[in-house]
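Q:
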Amino acid sequence: MLTPDQSQTEARILIVDDNPMNVELLTTILEDAGFQHVRGETRPQQAVQSWREDPRDLMLLDIRMPGMDGHQVMETLNAELQDGDWLPVIVLTAQIDPDTRQQALAGGALDFITKPFDASEVVQRINNLLRVRALHNATHNEVQDLSQSLETQSLTLQRKDRDLEYLAHHDLATDLPNRAALLETLEQWLQDPRIPVIDLVMLRLGGHEPLERLEGHAAADLMLRETGQRLQGCLETLAGDTALCGLWGGSTFLLLAASEHGLPDDTLQAMLESSTRTLRIGQYEVRPEIVAGHARTTEAGHDTGELIRRLMLTLSRADRRQLPWLTYVPELEQAARRRHRLEHDLADAHNGDGLSLLYQPKIDLAMDSVVSFEALMRWEHPELGPVSPGEFIPVAETTGAIVNLGEWALHEALAATARWRAATGECYPVAVNVSARQFEALTARGHTLTQAVRTALEHTGTPPGCLEVEITETAIMHNLEDALDELHALRDLGVSIAIDDFGTGYSSLAYLRRLPVSTVKVDRALVDGIASDPGMRGLFEAILAVSRGFGLQTVAEGIETAEDAALLHELGCPVGQGFLYHRPLPEAEACALITPASSHRARPSEERSERNARGS
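When we follow the numbering used here, the leftmost residue of the sequence shown carries the number 563, and every step to the right adds one.
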């Protein structure tokens, strides 16, 4: 039996899972962590008999097994326990529903390890339970020693009760109050009329992953412990006695502070700065990375469940690089509900539910004539109204819906081009945007952009020369070699390729010369206001020279003033687009610009000025 003076790696562990692969994987994880006595069993009945003959320090038990499931294994062995003993079981399960967990807890399970296994989490949970088991074994042995007097036995039992009470309310790795203790304290404070305001701060610790890889989970636990002690000390100094710091779970801390008016912002900022100071762990210096959500009862309410939910929502919206500390406001919840609605409805939007394409002309700056178009997606939600692409495109990229939306846009744009050709006899190229996430998601599904383009061209009967694919530098550089293969395949198909938003990403000549592109689109950030900015002019001239040197066409995006347009023409930029010429147009209006009767002319300058004055 494991005792506190032994290394936990000497623990004797039995793995019970009917899947041999799971047994082998867990055995490997434990042996890599230094455990020396690990045994696996795929037959639950045999595992029960083995435990009867030779009880171990810990059982890792699968729930879903044929013949005799994990619940029955626990029920059988629990019935045979001696008084004062308990079955040290961690349940292995892919079932995370409340009923499964409740039944396992009722049967004596003390913790869960969720499939698929995370090696660091597996080892940490096992070590946590083994600490408790070793303490139990030591106390149990003392109580069972018949040579002890009744008085000594009574004292031992009292100490055991105190130990178990402490373990029930503290995290073993950090020695801080655990989730149960935090919730208990919060409930008491919420019911205390002498406490008018409670601040809650939830901090998620990052930066421990490299340390865990270099030194193991024990070093990561030490970093967690040091950070917790630092937060506790800072909280006591700044907020006094009515404050509590504990471990919510994993690497997330929860801080509670009761006061009359709420903690000042500078106090909260001081806690954040304190928690991110460099730590020395062994031979390494580590700087913790923190994101934090903050909620106050005056804004977030007095219901425990709602407080915690709103706090976690706020934490989820914090960003480690841009906004590491975020305070709850009702608008966050409204935004979360709106985003959830958009995520749900985007799944079906590509079937025609409110989606449309508009077409923005590209203008030959020397001839003042339309030379091509860019297709831009719009969404008119049936209940929410117009939704900006800046809002729904990132949602689609996060959920993976961007693949279906992208294929829909490709088909719609080429179908429009086919209708223009039928009406005018002209084939004016249309550009379709491909985002980095769309490119990645296609690859992850085993598809290629070239396949999607070829299918759309064949379906609409559109020549490849009528299509231009616009792809950002970010999308290309995320996986350059795969992107190069894809772009070469598109070029071989006869499709033109443009680098979008040039000048805001990598902008490397070394890779630009390797790309089979025909066009460089200079981002509007380097165009808007160029007439009054000599520095911007010099930068644009450099980009233009590079583009010419590689034989590429240059397109200036976001032209909004006649002064900027005149300078770009003077510099020799061949093509531009922007509100000065045309806003994105419906298909029929775009088609009207390329009919022979229009001679492909853009609106005269005076007409554009009048249109801009009207705000159209």
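By construction, the Cβ of each residue, glycine as well, lies at the ideal position given by its N, Cα and C atoms.
(1) Taking the straight line between their C-alpha atoms, what separation do you get for Glu1151 and Met764?
(2) What would DSSP say about Leu691, mapped onto helix, strand or coil?
(3) For Phe815, does the three-state DSSP call read helix, strand or coil?
(4) Please give me, in chain order, every unbroken run of the beta strand (DSSP E) with length at least 3 that falls completely inside the stretch 1071 to 1130.
(5) Given a cut-off of 8 Å, decide if Leu908 and Val965 are closer than it, judged by their beta-carbon atoms.
(6) Which of the three DSSP states is assigned to Ser569 in this structure?
(7) Where does Thr1255 land, buried or exposed, given buried means 16+ other C-beta within 10 angstroms?
(8) Going by DSSP, what residue range makes up the alpha helix (DSSP H) through Asn966?
(9) Under 8 Å: do the stretch 788 to 808 and the stretch 682 to 701 share three or more Cβ pairs, one atom per stretch?
(10) If I'm right that Thr571 touches Val585 with Cβ under 8 Å, what's the distance once you round it to whole angstroms?
(11) Could you tell me which whole beta strand (DSSP E) segments of length 3 or greater appear in the stretch 772 to 850?
(12) Verify whether the separation of the beta carbon atoms of Thr1081 and Val1117 is less than 8 Å.
(13) Give the straight-line distance between the Cα atoms of Ala880 and Ile675, rounded to the nearest whole angstrom.
(14) Per DSSP, which one or two residues make a beta bridge with Lys924?
(15) By alpha-carbon positions, which one of Ala963, Val932, Met636, His731 ends up nearest to Glu988?
(16) If I follow the unbroken beta strand (DSSP E) through Val996, where does it start and stop?
(17) Measuring only the C-alpha atoms, how far is His864 from Arg693?
(18) Looking at the secondary structure, which residues open and close the beta strand (DSSP E) in which Thr676 lies?
(19) Relative to the C-alpha of Leu841, which candidate in Val1084, Leu767, Arg1076 has its C-alpha closest?
(20) Between the alpha carbons of Ile852 and Ala805, how many angstroms are there, rounded?
(21) Evaluate the contact criterion for the stretch 664 to 680 versus the stretch 613 to 620: three or more CB pairs, one atom per stretch, below 8 Å.
(22) Using beta-carbon positions only, say whether Leu809 and Thr736 come within less than 8 Å of one another.
(23) Within 10 angstroms of its Cβ, does Ser1109 collect 16 or more other Cβ (buried), or is it exposed?
(24) If I follow the unbroken beta strand (DSSP E) through Thr1034, where does it start and stop?
(25) Return the bridge partner residues of Val600 from the DSSP annotation.
(26) By alpha-carbon positions, which one of Ser569, Ile925, His779, Arg574 ends up nearest to Glu1119?
(27) Can you look up Ala857 in the DSSP assignment and give me helix, strand or coil?
(28) With a 10 Å radius around its C-beta and 16 neighbouring C-beta atoms as the bar for buried, classify Gly968 as buried or exposed.
(29) Where does the unbroken beta strand (DSSP E) through Asp910 begin, and where does it stop?
(30) Pairs of beta-carbons, one from the stretch 1081 to 1099 and one from the stretch 998 to 1010, closer than 8 Å: are there three or more?
(31) Measuring CA to CA, which of Ser950, Leu1114, Arg903, Thr986 is closest to Cys1135?
(32) How many angstroms separate the CA atom of Ile1033 from the CA atom of Ala937?
(33) What does Val759 pair with, by DSSP beta-bridge criteria?
(34) How many angstroms separate the CA atom of Arg871 from the CA atom of Ala978?
(35) Starting from Met874, trace the beta strand (DSSP E) in both directions and tell me its first and last residue.
(36) Between the C-alpha atoms of Thr747 and Cys796, what's the straight-line distance to the nearest angstrom?
A: On the basis of the coordinates in this document:
(1) In the sequence shown, residue 1151 corresponds to position 589, counting from 1. In the sequence shown, residue 764 corresponds to position 202, counting from 1. Cα to Cα, the separation comes out at about 53 Å.
(2) Taking the sequence shown and counting its residues from 1, one reaches residue 691 at position 129. Reduced to three states, the DSSP call for Leu691 is helix.
(3) Position 253 of the sequence shown, counted from the start, is the residue given in the question as residue 815. Reduced to three states, the DSSP call for Phe815 is strand.
(4) Assignment of beta strand (DSSP E) within the stretch 1071 to 1130, counting only whole runs of 3 or more residues, yields 1081 to 1084, 1115 to 1118 in chain order.
(5) Residue numbering aside, residue 965 sits at position 403 when the sequence shown is read from its first letter. Residue numbering aside, residue 908 sits at position 346 when the sequence shown is read from its first letter. No; because the gap between Cβ atoms is not below 8 Å, this pair is not in contact.
(6) Locating residue 569 in the sequence shown gives position 7, counting from the first residue. Collapsing the DSSP output to three states places Ser569 in coil.
(7) The structure shown does not extend to residue 1255, since the chain spans only 563 to 1178, so no value can be given for it.
(8) The residue given as residue 966 occupies position 404 in the sequence shown. For Asn966, the uninterrupted alpha helix (DSSP H) run begins and ends at 964 to 986, by DSSP.
(9) Between the stretch 788 to 808 and the stretch 682 to 701, the count of C-beta pairs closer than 8 Å stays below three; the two stretches do not touch.
(10) Within the sequence shown, numbered from 1, the residue matching residue 571 stands at position 9. Within the sequence shown, numbered from 1, the residue matching residue 585 stands at position 23. Between the beta-carbon of Thr571 and that of Val585 there is about 19 Å, and that puts the pair past the 8 Å contact cut.
(11) Counting whole runs of 3 or more residues, the stretch 772 to 850 contains the beta strand (DSSP E) stretches 805 to 811, 814 to 821, 841 to 843, 846 to 848.
(12) Along the sequence shown, read from residue 1 onward, the residue named residue 1081 stands at position 519. Along the sequence shown, read from residue 1 onward, the residue named residue 1117 stands at position 555. The Cβ atoms of Thr1081 and Val1117 sit closer than 8 Å to each other.
(13) Translated into the one-based positions of the sequence shown, residue 880 becomes position 318. Translated into the one-based positions of the sequence shown, residue 675 becomes position 113. Each residue's Cα considered, the two are about 28 Å apart.
(14) Walking along the sequence shown from the start, residue 924 turns up at place 362. Lys924 pairs with Ser934.
(15) Here residue 988 refers to the residue found at position 426 when the sequence shown is read from its first residue. Put simply, of Ala963, Val932, Met636, His731 the residue whose alpha carbon is nearest the alpha carbon of Glu988 is Val932.
(16) Position 434 of the sequence shown, counted from the first residue, corresponds to residue 996. Residues 992 to 996.
(17) In the sequence shown, residue 864 corresponds to position 302, counting from 1. In the sequence shown, residue 693 corresponds to position 131, counting from 1. Rounded to the nearest angstrom, the gap between the Cα atoms of His864 and Arg693 is 36 Å.
(18) Taking the sequence shown and counting its residues from 1, one reaches residue 676 at position 114. Run containing Thr676: 673 to 676, per the beta strand (DSSP E) assignment.
(19) Translated into positions along the sequence shown, residue 841 becomes position 279. Minimum Cα distance to Leu841 is reached at Leu767.
(20) The residue labelled residue 852 in the question sits at position 290 within the sequence shown. The residue labelled residue 805 in the question sits at position 243 within the sequence shown. Approximately 20 Å, taken between the alpha carbons.
(21) Contact between the stretch 664 to 680 and the stretch 613 to 620 is absent, because fewer than three Cβ pairs lie under 8 Å.
(22) Residue 809 sits at position 247 when you count from the first residue of the sequence shown. Residue 736 sits at position 174 when you count from the first residue of the sequence shown. Contact flag set, yes.
(23) Counting from 1 along the sequence shown, the entry for residue 1109 is found at position 547. With 16 or more neighbouring CB atoms inside 10 Å of its own CB, Ser1109 falls in the buried class.
(24) As a working note, residue 1034 is residue 472 in the sequence shown. Unbroken beta strand (DSSP E) run through Thr1034: 1029 to 1034.
(25) Sequence index remark: in the sequence shown, residue 600 carries index 38 (1-based). DSSP lists Ile575 as partners of Val600.
(26) Reading the sequence shown from its first residue, position 557 is the one you call residue 1119. Looking at the Cα atoms, Ile925 is the closest of the given residues.
(27) Position 295 of the sequence shown, counted from the start, is the residue given in the question as residue 857. It is a strand residue.
(28) For this step, residue 968 is matched to residue 406 along the sequence shown. Classification of Gly968: buried, given that the 10 Å Cβ count is 16 or more.
(29) Counted from its first residue, the sequence shown places residue 910 at position 348. For Asp910, there is no enclosing beta strand (DSSP E); the enclosing alpha helix (DSSP H) has its first and last residue at 892 to 911.
(30) Output reads no: the stretch 998 to 1010 does not touch the stretch 1081 to 1099.
(31) As a first step, residue 1135 must be located in the sequence shown, where it is residue number 573. Considering only alpha carbons, the answer is Leu1114.
(32) For the purposes of this step, residue 1033 is taken as residue 471 along the sequence shown, with counting starting at 1. For the purposes of this step, residue 937 is taken as residue 375 along the sequence shown, with counting starting at 1. Answer to the nearest angstrom: the Cα atoms are 13 Å apart.
(33) As a first step, residue 759 must be located in the sequence shown, where it is residue number 197. Here Val759 is bridged, per DSSP, to Ser821.
(34) Taking the sequence shown and counting its residues from 1, the one referred to as residue 871 is at position 309. Taking the sequence shown and counting its residues from 1, the one referred to as residue 978 is at position 416. Using only the alpha carbons, I get a separation of about 47 Å.
(35) In the sequence shown, the residue the question calls residue 874 occupies position 312. Careful: Met874 lies outside any beta strand (DSSP E), inside the alpha helix (DSSP H) at 866 to 879.
(36) Counting from one through the sequence shown, the residue named residue 747 turns up at place 185. Counting from one through the sequence shown, the residue named residue 796 turns up at place 234. Their Cα atoms are separated by approximately 19 Å.
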